[in-house]
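Novice: In the numbering used here, the protein residues as written are 8 to 298.
For each residue, glycine too, the CB sits at the ideal point set by N, CA and C.
Here it is: the structure, laid out below.
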Amino acid sequence: MNRQKSYKELDGRGCLYLVPTPIGNLEDISYRALKILNEVDWVASEDTRNTQKLLNHFEIKVNQISFHEHNSQQRIPELIAYLQAGQSIAQVSDAGMPSISDPGHDLVQACIVENIRVVSLPGATAGVTALIASGLPSDQFTFVGFLPRKKGEQKAIFEKLMGREETQIIYESPYRVKSTLENMLDVYPETHPVVLCRELTKIHEEYLRGSIRELLDYLSENDIKGECCLLIGGGTEQLAQEQAEQLTLTIKEHVDTLMTEQQLSSKAAIKEVAKIRGLKKQEVYKEYHEI
Numbered sequence: 008m009n010r011q012k013s014y015k016e017l018d019g020r021g022c023l024y025l026v027p028t029p030i031g032n033l034e035d036i037s038y039r040a041l042k043i044l045n046e047v048d049w050v051a052s053e054d055t056r057n058t059q060k061l062l063n064h065f066e067i068k069v070n071q072i073s074f075h076e077h078n079s080q081q082r083i084p085e086l087i088a089y090l091q092a093g094q095s096i097a098q099v100s101d102a103g104m105p106s107i108s109d110p111g112h113d114l115v116q117a118c119i120v121e122n123i124r125v126v127s128l129p130g131a132t133a134g135v136t137a138l139i140a141s142g143l144p145s146d147q148f149t150f151v152g153f154l155p156r157k158k159g160e161q162k163a164i165f166e167k168l169m170g171r172e173e174t175q176i177i178y179e180s181p182y183r184v185k186s187t188l189e190n191m192l193d194v195y196p197e198t199h200p201v202v203l204c205r206e207l208t209k210i211h212e213e214y215l216r217g218s219i220r221e222l223l224d225y226l227s228e229n230d231i232k233g234e235c236c237l238l239i240g241g242g243t244e245q246l247a248q249e250q251a252e253q254l255t256l257t258i259k260e261h262v263d264t265l266m267t268e269q270q271l272s273s274k275a276a277i278k279e280v281a282k283i284r285g286l287k288k289q290e291v292y293k294e295y296h297e298i
């Protein structure tokens, strides 16, 4: 067991502060974050050039050291040595909370092993910021982070998420969000609720709330820019059960059921049945029309 008294000095060693930075609007930084950045000996930055702009804006002069996924294993012993010598370090990411989708977790673990204090400051985080304004249930949620890029790997993750009742939060590039939604259609019905948020806290902040199909139709005619947060509606355990029950129906019964319950055209229902059953649309079409 490891017990940490965060605000009690430990043998002259330094402290690792996990300092959140604004996700867009610089006014979102806290007084405490500015105070810590002014007081520490080092700032371990995901991108020193990006962090320097923030430091310059608030007229903070402090030594920086790069710390990112490509050099983390080399840097961690160096940072631990600074901390053991009594110097304090603030770790920051390019935006939002550190240690989420960056190598900060490994540094935290190394500090815990060496009995070095780790103090986390509260602050902006894109996923929760998007969630509470999304309109989707926010009492329970799962943070998924960045998805793998391969279609098969994404589909496997979506198949696991479909049975979850809580809202799911995904980070995605604007260049891949359309293909990600298309991959979702291999698992979810096209009417499933999703919310796409982009440019959080910035002047062009935008929420796109609707179904998977509605968002895809929008993206087919509109280009989007800025980092995106994709939220997937939960409550799909019942959906998974219903789909399992539908597989006991004949193909014709299955198509008719979807047409009635979801008010789909025969064409849309045939496409949905083909997806659910892993069949070609032509096979379902011939079976339904008894060709």
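Measure the alpha-carbon distance for lysine 209 versus asparagine 32 and round it to whole angstroms.
Specialist: Distance between the alpha carbons of lysine 209 and asparagine 32 is about 6 Å.
Novice: Would isoleucine 87 be called buried (16 or more neighbouring beta carbons within 10 Å of its own) or exposed?
Specialist: Buried, since its Cβ has 16 or more Cβ neighbours within 10 Å.
Novice: Could you please give the first and the last residue of the uninterrupted beta strand (DSSP E) stretch that includes threonine 174?
Specialist: Threonine 174 -> beta strand (DSSP E) spans 174 to 179.
Novice: Per DSSP, what kind of secondary structure is proline 155 in: helix, strand or coil?
Specialist: Three-state DSSP puts proline 155 in coil, outside helix and strand.
Novice: Buried or exposed: where does alanine 137 fall if 16 or more other Cβ atoms within 10 Å of its Cβ makes it buried?
Specialist: Classification for alanine 137: buried.
Novice: Is it buried or exposed, histidine 64, if we count other Cβ atoms within 10 angstroms and call 16 or more buried?
Specialist: That one is exposed.
Novice: Okay, do the stretch 40 to 51 and the stretch 145 to 158 touch, 3+ Cβ pairs below 8 Å being the bar?
Specialist: Counting Cβ pairs under 8 Å, fewer than three are found: no touch.
Novice: For aspartate 230, does the count of other Cβ atoms within 10 angstroms reach 16, so buried, or fall short, so exposed?
Specialist: Classification of aspartate 230: exposed, given that the 10 Å Cβ count is below 16.
Novice: Opposite tyrosine 214 in the DSSP bridges: which residues?
Specialist: Looking at the DSSP assignment, tyrosine 214 forms a beta bridge with Cys204.
Novice: In chain order, what are the residue ranges of uninterrupted alpha helix (DSSP H) at least 4 long that sit wholly in the stretch 90 to 176?
Specialist: Taking only runs of at least 4 residues, the alpha helix (DSSP H) segments lying wholly in the stretch 90 to 176 are 111 to 120, 133 to 141, 158 to 168.
Novice: Tell me whether the stretch 98 to 108 and the stretch 9 to 28 touch, counting them as touching only if at least three CB pairs, one residue from each stretch, are closer than 8 Å.
Specialist: Yes: the two stretches touch, three or more of their Cβ pairs being nearer than 8 Å.
Novice: In the DSSP output, what is threonine 28 paired with across the bridge?
Specialist: According to DSSP, which records beta bridges pairwise, threonine 28 is partnered with Gly103.
Novice: CB-CB under 8 Å to isoleucine 164, same chain, minus the five flanking residues each way: which ones, in chain order?
Specialist: Result list for isoleucine 164: Val151, Leu154, Pro155, in chain order.
Novice: Do you know offhand how far glycine 93's Cα is from tryptophan 49's?
Specialist: Each residue's Cα considered, the two are about 12 Å apart.
Novice: Counting beta carbon pairs with one atom in the stretch 213 to 226 and one in the stretch 107 to 124, are three or more of them shorter than 8 Å?
Specialist: Too few Cβ pairs lie closer than 8 Å, so no.
Novice: When you compare only the Cα positions, how much space is there between tryptophan 179 and leucine 90?
Specialist: In the sequence as presented, tryptophan is not what sits at residue 179; that position holds glutamate. Each residue's Cα considered, the two are about 35 Å apart.
Novice: Going straight from the alpha carbon of threonine 55 to that of serine 73, what length do you get?
Specialist: Using only the alpha carbons, I get a separation of about 6 Å.
Novice: Do you know whose CA, among Ile219, Lys60, Ser13, lies nearest valine 126's CA?
Specialist: Out of Ile219, Lys60, Ser13, Ser13 has the C-alpha closest to the C-alpha of valine 126.
Novice: Expressed to the nearest angstrom, what Euclidean distance is found between the alpha-carbon atoms of glutamine 98 and cysteine 22?
Specialist: Roughly 11 Å separates the two Cα atoms.
Novice: For leucine 7, report the span of its beta strand (DSSP E) as first-last.
Specialist: The structure shown does not extend to residue 7, since the chain is modelled only from 8 to 298, so the question has no answer here.
Novice: Evaluate valine 5 with the Cβ neighbour count: other Cβ atoms within 10 Å of its Cβ, from every protein chain shown; 16 or more gives buried, anything less gives exposed.
Specialist: With the chain represented from 8 up to 298, any question about residue 5 goes unanswered, as that position is not in the structure.
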